[in-house]
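The structure appears below as structure tokens.
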Amino acid sequence: MMKMRFCNVCQSYTLSETHHGENTLSAHPAHFNPNDWYGLQRRKAKYGV
Ligand SMILES: [Zn+2]
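For the sequence shown, position 13 matches number 363 in this note's numbering, and the numbering has no gaps at all.
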């Protein structure tokens, strides 16, 4: 399965691993870290934010 990539140089989407010689970035960044999520809930419980 091809994943969309993002060229940070020309700010455009591409399927290529590289764009004009520069590595492209994943256009699908990881979802938030579940550990952070639970940490956020803990902070909410603790500080009531
Ligand atoms: Zn580009």
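All residues carry an ideal CB built from backbone N, CA and C; glycine is no exception.
Within the DSSP secondary-structure output, E372 pairs in a beta bridge with H369.
Distances between the C-beta of H369 and the heavy atoms of ligand 1 include at least one below 7 Å. Burial state of R392 is exposed, judged by a 10 Å Cβ sphere holding fewer than 16 other Cβ atoms.
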